[in-house]
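These notes concern the structure reproduced below.
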Amino acid sequence: MKRILSNVNTFSRRRQSLHIANLRPLTLTNHTRTLPIPITHNLHTISSKQNATATATPQDVGPSSSNPQMAFPCLDALETRTSNLLNNSTPVKKFSSGSGPEPSYTSGPHQTFHSPTPLHLDWGGTLPTYTIAYETWGSLNPTASNAILLHTGLSASSHAHSTPSNPSVGWWEKFIGPGKALDTNKYFVICTNVIGGCYGSTGPSSIDPSSNINSSGGGKGEPYATKFPIVTLEDMVRAQFTLLDHLGIQKLFASVGSSMGGMQSLAAGVLYPERVGRVVSISGCARSHPYSIAMRFVQRQVLMSDPNWSRGHYYSSIPPHIGMKLAREIATVTYRSGPEWEQRFSRLRADPTKPPALCPDFKIETYLDHAGEKWCLEYDANSLLYISKAMDLFDLSEGVQKDARVRREAYALRRGEGVSEEEGGQCTLTLPDEAYEEQEEVQSQEQVTSSSSSHRQPPRDLISGLSPLKDHKVLVIGVASDILFPAWQQREIVDALREAGNSKITHVELGEDVSLFGHDTFLLDTVNVGGVVGEFLKE
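Set out below in structure tokens:
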């Protein structure tokens with residue numbers, strides 16, 4: 001079943017326009033931030049919102065000029081933050097989790113599961129032990145049959161909804177609770193921070209248990225940093241299922257996720273078809289496509305080009321806040337849509353009474369600047385690198401999954417035979433000898449149209465890869481205005497599942513007259529996303 005939602009009265013274009021018009025750049029409030037992982041350096045030592053108060057002091061530019069020296073308050077703010085970080089002179093601040101639609105990065109009280117059993121990974125490497133941070137809502141029934149595993153986006157914590165011990169607003173606050181999409185009167189909802197993250201689960205900022213421990217066992221050790229192994233979304237899912245084992249949950253009522261979580265939700269069903277009842281994938285995909293890979297690659301390149309990144313070893317020094325800010329600005333461009341920004345910002349300047357400037361000037365520029373500012377010290381840079389790479393590597397095609405299984409099993413065997421990490425899997429990646437050249441042959445318009453068609457047949461390998469879900473009820477939601485996970489990717493999931501023999505698919509695509517919020521629709525639209533999810537779970 002496919003539903004194209006268009007001209008929905010409950011979320012009309014006029015109402016949406018009013019809602020968009022009321023959105024404003026996010027405001028800041030002070031909080032105390034508690035880091036969930038013991039590290040040698042406070043990752044996020046100051047608030048970075050200094051643009052509004054920064055002033056530029058004209059420098060001595062030599063001979064007099066017919067024009068005054070331009071001021072750069074945006075650069076002054078970055079330099080001031082670097083100086084404050086160096087001197088550790090500015091107190092910790094936390095942005096309000098309720099200040100806008102972006103996910104909450106709160107890292108307050110949560111539960112933890114510690115696994116003493118090694119986790120062998122798809123690309124070699126291992127985590128000798130690992131910890132998963134998680135939170136729950138609702139009650140597990142006596143038969144443990146009402147559990148829903150909620151998967152997060154790239155940078156969200158386990159805090160999807162407020163709890164008595166952590167009343168901060170969660171990143172899916174309006175979707176969880178009595179009578180809501182994930183009805184806590186019926187379901188036991190579990191949300192974890194993924195492996196590779198920095199909000200309580202084992203990641204690059206966690207202490208490497210094999211590092212710097214003296215003979216008496218009294219050393220504190222050092223963070224993994226970039227000695228952390230490459231992880232995949234499937235590795236994250238396998239770790240989650242060890243948590244389910246710990247909780248005594250043999251089979252999930254449903255696996256639910258949006259964005260990266262939508263990818264994980266599909267992976268959970270593919271890897272553990274007998275342990276998952278239903279699958280919900282919102283604005284996700286079955287394999288990452290070149291555009292999204294390219295956007296994440298550029299973010300990583302910008303971040304790694306920040307000298308303070310220091311090849312990942314910055315935990316006892318200044319974090320790469322400038323690279324993080326720029327990476328987030330790039331990401332924010334992909335989270336919304338051009339039509340929404342046209343309605344929301346148009347070509348308005350922040351202060352039309354002042355002459356143009358090279359620092360944030362247009363309102364859209366101030367929005368992007370603030371998105372980077374409020375996030376650059378809120379998240380671990382290495383976690384961003386590792387998790388975004390895991391998204392790039394995602395592909396549920398059968399051949400890819402088989403290759404990963406072979407590598408993982410071979411690596412586990414070598415480790416069992418006593419082969420060390422260094423002997424078993426050093427990185428041998430090198431840059432190409434020659435730069436990539438554009439192809440001389442130009443495709444005809446007919447070929448271009450055919451190759452980019454949203455109705456092209458999914459590859460046989462992908463159909464085979466999704467075949468473990470052929471008997472499952474699956475809900476796939478896409479958004480026409482989403483440029484990061486375009487709607488054709490959700491159609492590809494649906495087509496592949498149908499080709500695999502699944503006749504229990506519900507496909508909903510939100511048209512641009514329903515939502516112009518692009519990829520962020522899954523965070524905002526409680527009616528057309530939350531409502532559809534709630535009805536699907538009731539069926």
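Residue numbers (the UniProt record's numbering): 1 to 539. Yeah, the Cβ is synthetic: ideal placement off N, Cα and C, and Gly gets one too.
>> Going residue by residue through the stretch 188-275, where are the continuous beta strand (DSSP E) segments of at least 3 residues, counting only ones entirely within it?
In response: 188-192, 252-258
>> Let me confirm a value: T192 is counted as buried when at least 16 other C-beta atoms fall within 10 Å, else exposed. Which label applies?
In response: buried
> Cα-Cα, which of N141, L523, A412 is closest to H120?
Replying inline: A412
> Is the beta carbon of A144 less than 7 Å from the beta carbon of G248?
Replying inline: yes
>> Quick test of your reading: A480 and L396, contact by CB under 8 Å. State the CB separation rounded to the nearest angstrom.
In response: Rounded, the Cβ-Cβ distance is 23 Å, inconsistent with contact.
> Do the CB positions of C376 and H321 come within less than 7 Å of each other?
Replying inline: yes
> Can you give the beta carbon distance from S259 to F522, rounded, assuming they're within the 8 Å contact cut?
Replying inline: Right, the Cβ-Cβ distance comes to about 6 Å (below 8 Å), so this counts as a contact.
> According to DSSP, is W123 helix, strand or coil?
Replying inline: In this structure, W123 counts as coil in the three-state DSSP scheme.
> Any idea what DSSP makes of S305, helix, strand or coil?
Replying inline: coil
> What residue does the alpha helix (DSSP H) around F517 start on, and which one ends it?
Replying inline: Looking at the DSSP string, F517 is not in any alpha helix (DSSP H), and its letter there is neither H nor E.
> Taking the C-alpha atoms as reference points, what is the distance between S503 and K470?
Replying inline: Their backbone Cα atoms lie some 8 Å apart in a straight line.
> For chain D, is any of its Cβ atoms less than 7 Å away from the one on L377?
Replying inline: Any reference to chain D falls outside this structure, which holds one protein chain only.
>> DSSP three-state label for G277, please.
In response: strand
> Is K180 helix, strand or coil by DSSP?
Replying inline: coil
>> Between which two residues does the alpha helix (DSSP H) holding H321 run?
In response: 321-335
>> I need the boundaries of the beta strand (DSSP E) containing E509, first residue and last residue.
In response: 505-510
> Mapping DSSP to helix, strand and coil, what is W171?
Replying inline: W171 falls in the coil class under three-state DSSP.
> So G531 and D183 are in contact, right, with Cβ under 8 Å, and what is the actual spacing, rounded?
Replying inline: Contact flag wrong, Cβ pair sits at about 12 Å.
>> Please report the distance separating the alpha-carbon of P433 from that of Q301.
In response: Per the sequence shown, residue 433 should be read as Asp rather than Pro. Rounded to the nearest whole angstrom, the CA to CA distance from D433 to Q301 is 19 Å.
>> Could you compute how far the alpha carbon of G518 sits from the alpha carbon of R456?
In response: 23 Å
> Run through DSSP, which three-state label would Y379 get?
Replying inline: Of the three classes helix, strand and coil, the one that applies to Y379 here is coil, per DSSP.
> In three-state terms, what does DSSP make of A160?
Replying inline: coil
> Helix or strand or just coil, what does DSSP make of N87?
Replying inline: N87: helix per DSSP, three-state reduction.
> In whole angstroms, what is the alpha-carbon distance linking D306 and A500?
Replying inline: 46 Å
> Which class does N528 belong to by DSSP, given the choice of helix, strand or coil?
Replying inline: helix
>> Using CA atoms only, rank isn't needed, just tell me which of P128, P142, T152 is closest to I387.
In response: For I387, the closest of P128, P142, T152 by C-alpha to C-alpha distance is T152.
> Where does R349 sit, in a helix, a strand or coil, going by DSSP?
Replying inline: strand
> Which one of P118, Y134, F188 has the shortest CA to CA distance from D199?
Replying inline: Reading the sequence as shown, one finds Tyr at residue 199 and not Asp. Nearest option by C-alpha distance: Y134.
>> For S292 and A487, what's the separation of their Cα atoms in angstroms?
In response: So the alpha carbons of these two residues sit roughly 13 Å apart.
> Whose CA, out of R415, I190, R328, M304, lies closest to the CA of T226?
Replying inline: M304
>> Taking 7 Å as the limit between beta carbons, can you name the residues of its chain near C359, skipping five residues before and five after?
In response: F72, P73, C74
>> So the candidates are N146, N141, I132; which of them puts its Cα closest to the Cα of S158?
In response: I132
> Can you pull the DSSP bridge partners for H114?
Replying inline: T131
> Should D369 be labelled buried (16 or more other beta-carbon atoms within 10 Å of its own) or exposed?
Replying inline: buried
>> Taking the straight line between their C-alpha atoms, what separation do you get for G203 and F297?
In response: 20 Å
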